[in-house]
Structure formats: C-alpha cells, structure tokens
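Engineer:
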Amino acid sequence: MAEANNLEAGNRHDLRVGLSPDAPDENDFRDEGKGAFGYAHSYETSSRYDGPGLRMVLFLSGCLLRCKYCHNPDTWHMKDGTHVSAQHVLDRLASFAPALRSLDGGLTISGGEPLVQLEFTRRIFAGAKKMQLHTAIETSGYLGDRADDDYLANLDLILLDIKSSDPATYKRATERDLAPTLKFAERLAAMGKSTWIRFTLVPGLTDDPANVEGIAKFVAPMKNVEWVEVQPFHQMGAFKWKAMNLDYELADRPSAPPELTKRVIEQFRAAGCNAR
Ligand code: SF4
Numbered sequence: 100m101a102e103a104n105n106l107e108a109g110n111r112h113d114l115r116v117g118l119s120p121d122a123p124d125e126n127d128f129r130d131e132g133k134g135a136f137g138y139a140h141s142y143e144t145s146s147r148y149d150g151p152g153l154r155m156v157l158f159l160s161g162c163l164l165r166c167k168y169c170h171n172p173d174t175w176h177m178k179d180g181t182h183v184s185a186q187h188v189l190d191r192l193a194s195f196a197p198a199l200r201s202l203d204g205g206l207t208i209s210g211g212e213p214l215v216q217l218e219f220t221r222r223i224f225a226g227a228k229k230m231q232l233h234t235a236i237e238t239s240g241y242l243g244d245r246a247d248d249d250y251l252a253n254l255d256l257i258l259l260d261i262k263s264s265d266p267a268t269y270k271r272a273t274e275r276d277l278a279p280t281l282k283f284a285e286r287l288a289a290m291g292k293s294t295w296i297r298f299t300l301v302p303g304l305t306d307d308p309a310n311v312e313g314i315a316k317f318v319a320p321m322k323n324v325e326w327v328e329v330q331p332f333h334q335m336g337a338f339k340w341k342a343m344n345l346d347y348e349l350a351d352r353p354s355a356p357p358e359l360t361k362r363v364i365e366q367f368r369a370a371g372c373n374a375r
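Our numbering applies: residue 100 is where the sequence shown begins, and numbers increase by one.
(1) Name the DSSP beta bridge partners of D255, please?
(2) Between the stretch 303-323 and the stretch 243-254, do three or more beta carbon pairs fall short of 8 angstroms?
(3) Between S354 and ligand 1, is the CB less than 8 angstroms from at least one heavy atom?
(4) Have a look at P353 and M230 and give me their C-alpha separation to the nearest angstrom.
(5) Between which two residues does the beta strand (DSSP E) containing S119 stretch?
(6) Buried or exposed: D276, going by 16 or more other Cβ atoms within 10 Å of its Cβ?
(7) Got a sec? Which residues, its chain only, sit under 7 angstroms from W340 by beta carbon, not counting five neighbours each side?
(8) When every heavy atom of ligand 1 is checked, does at least one fall within less than 8 angstroms of the C-beta of W91?
(9) So which of G137, R165, A108 has the shortest CA-CA distance to T220?
(10) Is P308 a contact residue of ligand 1, with contact defined as CB to any heavy atom under 8 angstroms?
(11) Keeping to the same chain, check which residues put their C-beta closer than 8 angstroms to that of H176; ignore five residues upstream and five downstream.
(12) Since T149 contacts A235 with CB under 8 angstroms, what's their CB separation in whole angstroms?
(13) Give me, in chain order, the residues of the same chain whose beta-carbon lies closer than 8 angstroms to that of G152; leave out the 5 immediate sequence neighbours on both sides.
(14) In this structure, what does DSSP give as the bridge partners for F298?
(15) Return the first residue and the last residue of the alpha helix (DSSP H) that S209 is part of.
(16) Just to confirm, does P172 get its C-beta within under 8 angstroms of one of the non-hydrogen atoms of ligand 1?
(17) Per DSSP, D346 forms a beta bridge with which residues?
(18) Is it the case that the CB of G243 approaches a heavy atom of ligand 1 more closely than 8 angstroms?
(19) Straight-line CA distance for L281 to M321?
(20) Between which two residues does the beta strand (DSSP E) harbouring T181 extend?
(21) Any chance the CB of R115 is under 8 angstroms from a heavy atom of ligand 1?
(22) Is any heavy atom of ligand 1 found at a distance shorter than 8 angstroms from the C-beta of G137?
(23) Find the nearest neighbour of H170 within the set L287, H333, A289, judged by alpha-carbon distance.
(24) For H112, count the other beta carbons within 10 Å of its own beta carbon; 16 or more makes it buried, fewer makes it exposed. Which is it?
(25) Kindly indicate which three-state DSSP category R154 falls into: helix, strand or coil?
(26) Please state if the CB of A278 and the CB of V318 are separated by a distance shorter than 9 angstroms.
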C-alpha cells in the first residue's frame with residue numbers, strides 16, 4: 100500500500116495529478132476494507148456553497164462518470180489523488196469543527212464520486228457525527244446502491260446531481276446510464292432523506308426544455324427535496340483538460356448566459372420545485 104501523506108489544503112480548481120501512481124483503478128475498486136485510508140484531491144475550509152452554513156469540503160479522487168463538462172477531470176482517477184488516512188482528515192476536521200458548528204455548517208464530501216470509496220467515507224462521516232457536525236455528500240447517484248441504510252444514517256443531506264432526465268442525453272453527457280441515479284433518488288424520497296438536486300446547465304447539451312421538464316416533473320412530487328440548484332456551465336475547468344491532454348469537446352461552448360439560467364429556474368418553479 101502507498102504511504103499515507105498529508106493532504107494539502109487548497110481548492111477544487113487546483114490541478115493535482117499523478118500523486119499516487121500505485122493507486123487502484125477506480126473502475127475495479129470495491130472499498131470493502133475498513134476504510135482507514137483513501138485517495139483525496141483537496142479540501143476547502145470555508146465553502147458557503149456545498150450545503151447549509153460554513154462548510155469544510157473534502158474532494159475525493161475516483162469517479163466512474165466522464166462528464167463532457169467536468170470541471171475537475173483530475174478527480175477521475177485515484178492515482179491522481181493523495182493517499183491519506185481517515186484519521187488525518189478527521190484531525191483536520193476537528194480543528195475546524197468549532198467554527199463550522201458555530202456558523203451552522205459542517206462537512207461535505209464531494210469528488211470525484213465519494214461512493215467509490217465507501218468505507219473511507221463511512222469512517223469520515225461517522226467521525227464527523229461524533230463531532231456533532233452536519234454532514235452532506237455530493238454524488239451522481241450512479242453508485243447509490245452501494246450506500247446502505249447505515250451509511251445514509253450518518254448523512255444529514257444528499258446533494259444529488261441529476262444531469263439529465265433523458266437516458267440518451269445522460270449517456271451522451273456522462274458515458275453512463277441514468278437509471279441508477281433515478282433509482283437512488285426514489286429511494287431517498289421513500290426514506291424522507293433531505294436532498295438538494297443539482298443540475299448543470301450546459302448550452303446545447305442539457306438545456307433542452309423537454310430535458311429540464313423531465314427532471315422537474317420527476318422531482319416536484321418528492322417532499323424530501325428542499326432545493327433544486329441550477330448550476331450554469333462555465334469554462335473554469337478548461338485548463339485542466341488541456342494540461343491533462345484530454346479531448347475537451349466543449350472547448351468552444353459558451354458559458355450558460357443569465358437569461359438561459361433564469362428560464363430554466365423558472366421552468367423548475369413552474370413545475371412546483373423550490374429552485375434557485
Ligand atoms: S460526476 Fe462530477 S467528477 Fe465525475 S465526471 Fe461528472 S462532473 Fe466530473
């Protein structure tokens with residue numbers, strides 16, 4: 100096993116590659132061990148964006164999707180992350196815990212895809228709950244079946260990315276199937292688990308009114324969904340694709356303009372969703 104290292108603070112826009120060349124492939128990895136170690140990209144300590152209040156956000160390495168618009172392709176592979184111990188992460192979290200609690204925040208684990216490293220994240224969420232912190236995960240839901248009920252019991256909020264309501268568009272955007280995400284959303288609704296839906300609005304890829312309508316109609320009846328957040332596509336991650344020699348199909352795609360974002364938010368609201 101690779102040596103455990105210190106995880107440097109930073110943010111999601113840092114480019115970090117090749118830090119753990121011996122790491123397992125994320126496609127074959129089943130985190131069935133005790134989760135004492137994992138692979139992480141970075142962490143931020145003062146996000147006000149990834150859940151309620153002030154948040155520490157841990158970005159993990161490893162994702163099975165390949166979103167055409169991904170802002171952080173350096174989180175796709177575990178070999179690009181830093182090998183860290185769960186205890187190291189929890190020690191960092193403990194030093195921020197009083198501030199996070201006093202500002203009604205907590206811990207969010209994002210990615211990559213946190214459910215690739217199920218036991219590692221289970222251990223960190225359990226530690227965060229012992230610190231009486233609010234906990235949230237940002238996930239595509241593609242691996243939602245892996246999250247057993249005990250795992251979800253340590254989560255106060257799910258930030259669920261639904262990238263499309265149309266299977267063909269979802270496949271085109273992510274190279275994966277839509278069905279597991281919808282199944283996970285339905286399970287969360289049946290459990291009454293607090294959820295925010297996140298939708299990335301990409302001109303010419305996900306902005307079709309029928310696509311938006313499909314998500315809106317699916318989500319609107321779900322009483323556990325507190326917010327639908329529309330995230331306009333931007334080009335802040337373009338430099339990573341270039342630096343990693345990846346074929347970036349959206350290189351010339353404009354950012355989502357405010358009038359388009361407004362139209363889509365209104366579409367969600369018209370269907371009965373709390374959207375912003
Ligand atoms: S799910 Fe997130 S991290 Fe994974 S490819 Fe898509 S945008 Fe990137």
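The beta-carbon is built from N, C-alpha and C at its ideal position, and this holds for glycine as well.
Structural biologist: The relevant details are as follows:
(1) Beta-bridge pairing links D255 to no other residue.
(2) no
(3) no
(4) 43 angstroms
(5) Unbroken run through S119: none, as it is neither H nor E.
(6) exposed
(7) P172, Y347
(8) Because residue 91 is not part of the residues shown, which for the chain are 100 to 375, the question remains open.
(9) G137
(10) no
(11) A122, D124, E125, S160, G161
(12) Note that residue 149 corresponds to Asp in the displayed sequence, not to Thr. 7 angstroms between Cβ atoms; contact.
(13) L199, L202, D203, G204, G205, H233
(14) V329
(15) No alpha helix (DSSP H) contains S209, which is instead part of the beta strand (DSSP E) from 205-209.
(16) yes
(17) D346 is not bridged to any residue.
(18) no
(19) Whole-angstrom Cα-Cα distance: 12 angstroms.
(20) 181-184
(21) no
(22) no
(23) It is H333.
(24) Counting the other CB atoms within 10 Å of its CB gives H112 a total below 16, which places it among the exposed residues.
(25) strand
(26) no
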